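Heads up, the thing below is written out as structure tokens.
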Amino acid sequence: MSDCGDGRQLSRRVNRIDRVFAELRQRGEVALVPFLTLGDPDVSTTLELMRRVAEAGADLIELGVPFSDPTADGPVLQHSLEVGLRAGATLPRALETVQEFRRLSETPVVLYGYYNPIFRYGVEAFARDAARAGVDGLLVVDLPPDEAQELLRWSRPAGLHFVCLLAPTSGPDRVRVVLQHAAGFIYYVSVTGVTGVKPIQPWEVRPAIMSLREQTCLPIGVGFGISTTEQAAAVAEFADAVVVGSAIMRLVDQHRGTAGLGGEVAEFVRRLKRAILEVRQAKAV
């Protein structure tokens, strides 16, 4: 079994991700992880949406940092990232937004994005500033863990967890590499391809999660292709976290510019949380 990543041992503070998963595990619950794109529809509304989803039941928040060449994201998130770029959402604005959010909430925040903005910012400065802002984890989708030495050199001592991706196409060698470097939780991509295009088939994903459980003590989150409460509940039967992205940003797109945007997103998150709570409570009876 993996030692859960040496990033955890090098952290100077108790990471909020660890604390939340420990609390959820004690209660027999599963984490709900909504994804929000910074700057869609604008940066101040993203901050308000972060507050609303935290109050509605989000256990962690993935904050997407807009990037001009998002290779892992499907059409919904690509459009959302373009809106964010036009709204002036950048990596520095992401750190400012998390810093503002920390005045409102202790809900863990994972920055989701690509390596180029981090490289341009300066890796050492980024790790320092992200930790100071209150970021808890990094999910850099185009940076494999075995090529992340420069980022890990600075992010681990700063207490930032490097969240790694695994997919149905990941062979045993890739799984071993990921488990050596990952911290916080493992993000299992449930379908091949980009986000928000193919619906998840939970019965196909379950065996892979069961196999991973035998190799790591890290929590395992499942994302890509989860857009309904029924799908979230089905995944909650075997995963430690349910990640929902495109379905939320589709709601943002539908209600962009309306007074009801925050309420619509919060209500959807509330229904997702209720669904994954009910399925675990039913198993406990």
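My numbering numbers the first residue of the sequence shown as 11 and each following residue consecutively.
We put the beta carbon where it would ideally sit given N, CA and C, even for glycine.
Quick caveat: nothing in here was measured; it's all calculated off a predicted structure.
Outcome for residue i when other beta-carbon atoms lying within 10 angstroms are tallied against a minimum of 16
{"i": "residue 16", "result": "Because the pLDDT at residue 16 is just 45, under 50, the model does not fix this residue reliably, and the value given afterwards should be weighed accordingly. So residue 16 counts as exposed."}
{"i": "residue 283", "result": "buried"}
{"i": "residue 264", "result": "exposed"}
{"i": "residue 35", "result": "exposed"}
{"i": "residue 24", "result": "exposed"}
{"i": "residue 113", "result": "exposed"}
{"i": "residue 142", "result": "exposed"}
{"i": "residue 79", "result": "exposed"}
{"i": "residue 194", "result": "buried"}
{"i": "residue 127", "result": "buried"}
{"i": "residue 275", "result": "buried"}
{"i": "residue 227", "result": "exposed"}
{"i": "residue 19", "result": "Any reading at residue 19 needs caution, since the residue's pLDDT is 45, under 50, leaving its predicted position unreliable; the model's value is listed next. Classification of residue 19: exposed, given that the 10 Å Cβ count is below 16."}
{"i": "residue 268", "result": "exposed"}
{"i": "residue 292", "result": "exposed"}
{"i": "residue 37", "result": "exposed"}
{"i": "residue 212", "result": "buried"}
{"i": "residue 111", "result": "buried"}
{"i": "residue 27", "result": "buried"}
{"i": "residue 139", "result": "buried"}
{"i": "residue 234", "result": "buried"}
For residue j and residue i, believed in contact at Cβ under 8 Å, the rounded distance
{"i": "residue 104", "j": "residue 75", "result": "5 Å"}
{"i": "residue 50", "j": "residue 90", "result": "5 Å"}
{"i": "residue 64", "j": "residue 71", "result": "7 Å"}
{"i": "residue 148", "j": "residue 121", "result": "5 Å"}
{"i": "residue 43", "j": "residue 251", "result": "5 Å"}
{"i": "residue 185", "j": "residue 200", "result": "Not a contact, Cβ separation roughly 15 Å."}
{"i": "residue 178", "j": "residue 218", "result": "7 Å"}
{"i": "residue 101", "j": "residue 73", "result": "Rounded, the Cβ-Cβ distance is 11 Å, inconsistent with contact."}
{"i": "residue 272", "j": "residue 59", "result": "6 Å"}
{"i": "residue 296", "j": "residue 115", "result": "Residue 296 falls outside the range modelled here, since the chain spans only 11 to 295, and no answer is possible."}
Short Cβ contact (7 Å threshold) for residue i with residue j
{"i": "residue 242", "j": "residue 286", "result": "yes"}
{"i": "residue 40", "j": "residue 223", "result": "no"}
{"i": "residue 131", "j": "residue 150", "result": "no"}
{"i": "residue 145", "j": "residue 108", "result": "yes"}
{"i": "residue 256", "j": "residue 86", "result": "yes"}
{"i": "residue 249", "j": "residue 232", "result": "yes"}
{"i": "residue 31", "j": "residue 155", "result": "no"}
{"i": "residue 68", "j": "residue 279", "result": "yes"}
{"i": "residue 176", "j": "residue 198", "result": "yes"}
{"i": "residue 168", "j": "residue 137", "result": "yes"}
{"i": "residue 238", "j": "residue 281", "result": "no"}
{"i": "residue 77", "j": "residue 123", "result": "yes"}
_Sequence ranges, alpha helix (DSSP H) only - wholly within the stretch 69 to 101, length at least 4_ = 85 to 96
_Quick check on the DSSP output: what are the complete beta strand (DSSP E) runs of length 3 or more inside the stretch 120 to 164, in order along the chain?_
147 to 150
*Would the stretch 47 to 61 and the stretch 223 to 239 be scored as touching if the rule is three or more Cβ pairs under 8 Å?*
no
*If you scan the stretch 192 to 280 from start to end, which runs of the alpha helix (DSSP H) of 4 or more residues do you find wholly inside it?*
212 to 223, 239 to 246 and 256 to 265
_Runs of 3 residues minimum, wholly inside the stretch 21 to 66: which ones carry the beta strand (DSSP E) assignment?_
41 to 47
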